[in-house]
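Colleague:
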Amino acid sequence: MQVLVGTCGFPTSRKTLYSALDAVELQETFYNMPNPDKMAQLRREAPDFHFTAKVFQGLTHPPTSPTFRRTRGFKPTERHGLLKPTKENLELWQQFAEAASPLKPEVLVFQTPPSLKPEPHIYDFFASITGRWRLAWEPRGETYKDPRLIQKVAELGVVIALDPLKRDPLPSALQYFRLHGVGKGEVNYRYKYTEDDLRKLASVVR
Numbered sequence: 010m011q012v013l014v015g016t017c018g019f020p021t022s023r024k025t026l027y028s029a030l031d032a033v034e035l036q037e038t039f040y041n042m043p044n045p046d047k048m049a050q051l052r053r054e055a056p057d058f059h060f061t062a063k064v065f066q067g068l069t070h071p072p073t074s075p076t077f078r079r080t081r082g083f084k085p086t087e088r089h090g091l092l093k094p095t096k097e098n099l100e101l102w103q104q105f106a107e108a109a110s111p112l113k114p115e116v117l118v119f120q121t122p123p124s125l126k127p128e129p130h131i132y133d134f135f136a137s138i139t140g141r142w143r144l145a146w147e148p149r150g151e152t153y154k155d156p157r158l159i160q161k162v163a164e165l166g167v168v169i170a171l172d173p174l175k176r177d178p179l180p181s182a183l184q185y186f187r188l189h190g191v192g193k194g195e196v197n198y199r200y201k202y203t204e205d206d207l208r209k210l211a212s213v214v215r
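Per my numbering, residue 10 is the first one in the sequence shown, and the count goes up by one each step.
#1: Cutting at 8 Å between CB atoms, please list the residues of its own chain near N44, excluding the five before and the five after it.
#2: Quick check: the Cα distance between P71 and F65, rounded to an integer number of angstroms?
#3: Please determine if the segment 194 to 211 and the segment 161 to 179 are in contact, where contact requires at least 3 C-beta pairs separated by less than 8 Å.
#4: Given W142, which residues of its chain have a CB within under 7 Å of its CB, disregarding the five upstream and five downstream residues?
#5: Can you pull the DSSP bridge partners for Q184?
#6: So, for V167: in the same chain, excluding its five sequence neighbours on each side, which residues have a beta-carbon less than 6 Å away from its beta-carbon?
#7: Let me know if L8 comes out buried or exposed under the rule of 16 or more other beta-carbons within 10 Å of its beta-carbon.
#8: Between the Cα of K201 and the Cα atoms of L188, E195, P156, which residue gives the shortest distance?
#9: Please look up how many angstroms separate the CB atoms of T69 and Q120, rounded, as I've assumed it's under 8 Å.
#10: Going by beta carbon distance, what residues of the same chain come within less than 8 Å of L165, once the five residues before and after it are set aside?
#11: Using DSSP with H/G/I as helix, E/B as strand and the rest coil, what is F19?
#12: What are the residues that DSSP puts in a beta bridge with A62?
#13: Look at L35 and V14 and say whether their C-beta atoms are less than 8 Å apart.
#14: Given R81, which residues of its chain have a CB within under 7 Å of its CB, disregarding the five upstream and five downstream residues?
#15: Less than 8 Å separating the beta-carbons of K154 and P127?
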């Protein structure tokens, strides 16, 4: 079994992170579409490093999301986001995947908002795009009210990303864990992990 440890984004210099850890999940690709030249540069810098990338929010979030304030050159419509299997979303997915391809990402991660309701179109969206890329989906909040939907998406080969200190992993050859802190709510980024937390995490990973 191989265990890779990484961060979301670069909390320190890229050179330091490349030498200290195994992997990084690009955060910048959530706020803006990937720049192919930048993706190629990162791969050249670290040819053997493990990269994943968070999928652009134009596919996952509603047009009203305040996170679009950081987005350049893209104006979402009502037919974008929330994993809708619309022509606009599927075209945007192709554009995203092609732009990210110079990075050679090992996983493309869909992080949906806690407000996303568990509707059948989510399955239809993933069924439309599986095949070429290894995909992970981190459902949150409302979506967990329908565990059967999450299971059906997993049966497509999509890895269900989660925080193992909050939820039990689904059986899968590949696990993708994203730690968000412990406590009430989806995230608590100021949380300081205890030795007991780390022992529990280690027991899950093993």
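Note that CB positions come from ideal geometry on N, CA and C, so glycine has one too.
Modeller: For this structure:
#1: Within the same chain, Cβ atoms closer than 8 Å to the Cβ of N44 are found at A108, the five residues on either side in sequence being excluded.
#2: Using only the alpha carbons, I get a separation of about 12 Å.
#3: Taking 8 Å as the limit for Cβ pairs, the verdict is that the segment 161 to 179 does touch the segment 194 to 211.
#4: Only A106, L117 meet the Cβ criterion.
#5: DSSP output for Q184 lists no bridge partner at all.
#6: Setting aside the 5 residues that flank it on each side, V167 is surrounded in the same chain by F135, L144, W146, each with a C-beta closer than 6 Å to its C-beta; the list follows chain order.
#7: Outside the displayed range of the chain (10 to 215) lies residue 8, so it cannot be described from this structure.
#8: By alpha-carbon distance to K201, the top candidate from L188, E195, P156 is L188.
#9: With a contact defined as Cβ atoms closer than 8 Å, T69 and Q120 qualify at about 6 Å.
#10: Counting only Cβ-Cβ distances below 8 Å, and skipping sequence neighbours, we find Y132, F135, A136, T139.
#11: Here F19 sits in coil by DSSP.
#12: DSSP lists L35, L117 as the bridge partner or partners of A62.
#13: No, Cβ-Cβ distance for L35 and V14 is not below 8 Å.
#14: Excluding residues within five positions, the ones whose Cβ falls inside 7 Å are N41.
#15: For the 8 Å CB-CB criterion, K154 and P127 form a contact.
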